[in-house]
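Enquirer: If you read the sequence shown in our numbering, its first letter stands for residue 625, the second for the next number, and so on.
There's a structure below that I have some questions on.
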Amino acid sequence: MTDPTGLVAAQTQRHTSLDPLLPPTTVPDRGDMLVATLARGTQVAGLLDIRTERGRRVWALTPLLGDHGGEGMEAVLRALRARLDRTPVPADSVCTLAWPSLDADCTRPLLDHGLVPVLALGVRVGATPRNPSGAASVAVRRSSSRDAGAVARLVRRAEPSQRCSSLVPKSFLDGTSPGSEWMAESGSRTGEPLAGMMRLGEAHRRTPGFAGLLPEGNWGWIVRLLVDPRKRGRGVGGALVAAAHDVFARRGLERSLTWYSPLDSPAAAFWHRQGYRPLWTVWQCEPASALR
């Protein structure tokens, strides 16, 4: 197969019928083409980009299944397994792919081949009713240079329990993405009023990390949200997210997004309560040689 144009068009049509927010399927400009043949002779494909990221060997797959769904995913993953069998795979490696969250037909083959849903790109469109429970005593404000020490202490306490995947782009975790920082304060007997923090930005389909994932237009982006473990369940996270939505509304952004882990049940439930639902799920297998 030299031209996957037909597969791309059929896959776009199938995906938009599942979820109107999904953008047209795009083919990355680098990678090796894997081709698999279905039982009736039809071909499907996948583009495999092998790269080094943070010292690890990453096998990133873009499936091109046309309208063949689960059957096509099964065939492409078998082709990927065959490719791994022909290539030395280091122990410090990972297989990864992003796939539309609402495509339930592909869930079974992904699980059967040993891939795990580690990340979800959650999206929110339009206004979401506020959840004011416990938030009356929480004040949200812009950060200042005086917050540096308190922020460092908060990160040390909160990040170990909230880091959801080693494959999240580094900027999603260390706060270096462009944007503004906001602090949540509440009364404390410990003498530490800082209860949480968040970083806000904007994203679009050309923002690093979002290529091929977003439709046209700008999105408000909750880049990072941390809550002091000692102050969870008191409305701190909800107050921060409500403030984020207010900021986005003032900027004219009616759509917002964030990354969270489906494996972290409390975090997933929290984001769903805030009006977010998964658009894309990132599946991965570590090490890559564990792919079945």
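Using N, Cα and C, we set each Cβ at its ideal position, and we do this for glycine too.
Less than 9 Å between the beta carbons of Leu-598 and Leu-671, yes or no?
Expert: Outside the shown range of the chain, which is 625 to 916, sits residue 598, and nothing can be said about it.
Enquirer: DSSP three-state call for Gln-635: helix, strand or coil?
Expert: The answer is helix: DSSP assigns Gln-635 an H, G or I state.
Enquirer: Quick one, which of Val-747, Gly-862, Gly-655 has its alpha-carbon nearest Tyr-884's?
Expert: Looking at the Cα atoms, Val-747 is the closest of the given residues.
Enquirer: Residue range of the alpha helix (DSSP H) that Pro-733 falls in?
Expert: Pro-733 -> alpha helix (DSSP H) spans 731-736.
Enquirer: What is the DSSP secondary structure of Pro-853, reduced to helix, strand or coil?
Expert: Correct three-state label for Pro-853: helix.
Enquirer: Using 9 Å as the threshold, is the C-beta distance between His-692 and Thr-650 below it?
Expert: No, the pair does not count as a contact, with Cβ atoms beyond the cut-off.
Enquirer: Just list the beta strand (DSSP E) runs in the region 817-899, keeping only unbroken ones of 3 residues or longer that don't cross its boundaries, in chain order.
Expert: Listed in chain order, the complete beta strand (DSSP E) runs (minimum 3 residues) inside the region 817-899 are 818-827, 843-851, 879-884.
Enquirer: For my contact list, Pro-817 and Arg-829 are in at a C-beta cut-off of 8 Å; report their separation, rounded to the angstrom.
Expert: In fact, because the Cβ distance is near 39 Å, the residues do not count as touching under 8 Å.
Enquirer: Leaving out five residues before and five after Asp-716 in sequence, what residues of the same chain have Cβ atoms less than 6 Å from its Cβ?
Expert: For Asp-716, where only same-chain residues beyond five positions count, the Cβ hits under 6 Å are Arg-680.
Enquirer: If you compare alpha carbons, which of Trp-843, Lys-855, Phe-894, Pro-902 is closest to Glu-878?
Expert: Of Trp-843, Lys-855, Phe-894, Pro-902, the residue nearest in Cα terms is Trp-843.
Enquirer: Would you give the residue range spanned by the beta strand (DSSP E) that Gly-670 belongs to?
Expert: 667-677 is the extent of the beta strand (DSSP E) around Gly-670.
Enquirer: Rounded to whole angstroms, what is the Cα-Cα separation between Trp-895 and Arg-777?
Expert: Between Trp-895 and Arg-777, the C-alpha separation is close to 24 Å.
Enquirer: Ordered along the chain, which non-local residues of its own chain (more than five positions away) have a Cβ less than 6 Å from that of Leu-739?
Expert: So the qualifying residues of the chain are Trp-907, Cys-909.
Enquirer: Among the residues of its own chain, which have a CB less than 8 Å from the CB of Arg-766, if the five just before and after it don't count?
Expert: Cβ within range, chain order: Ser-804, Glu-805, Trp-806, Met-807.
Enquirer: Helix, strand or coil: which one does DSSP assign to Arg-654?
Expert: The answer is coil: DSSP assigns Arg-654 none of H, G, I, E or B.
Enquirer: To the nearest angstrom, report how far apart Arg-858 and Arg-874 are at their CA atoms.
Expert: Taking the straight line joining both Cα atoms gives about 26 Å.
Enquirer: If I'm right that Ala-684 touches Arg-675 with Cβ under 8 Å, what's the distance once you round it to whole angstroms?
Expert: Contact holds; Cβ gap of about 7 Å.
Enquirer: Which residues mark the beginning and the end of the alpha helix (DSSP H) in which Gly-693 is found?
Expert: It spans 693-709 - the alpha helix (DSSP H) in which Gly-693 sits, taken as one unbroken run.
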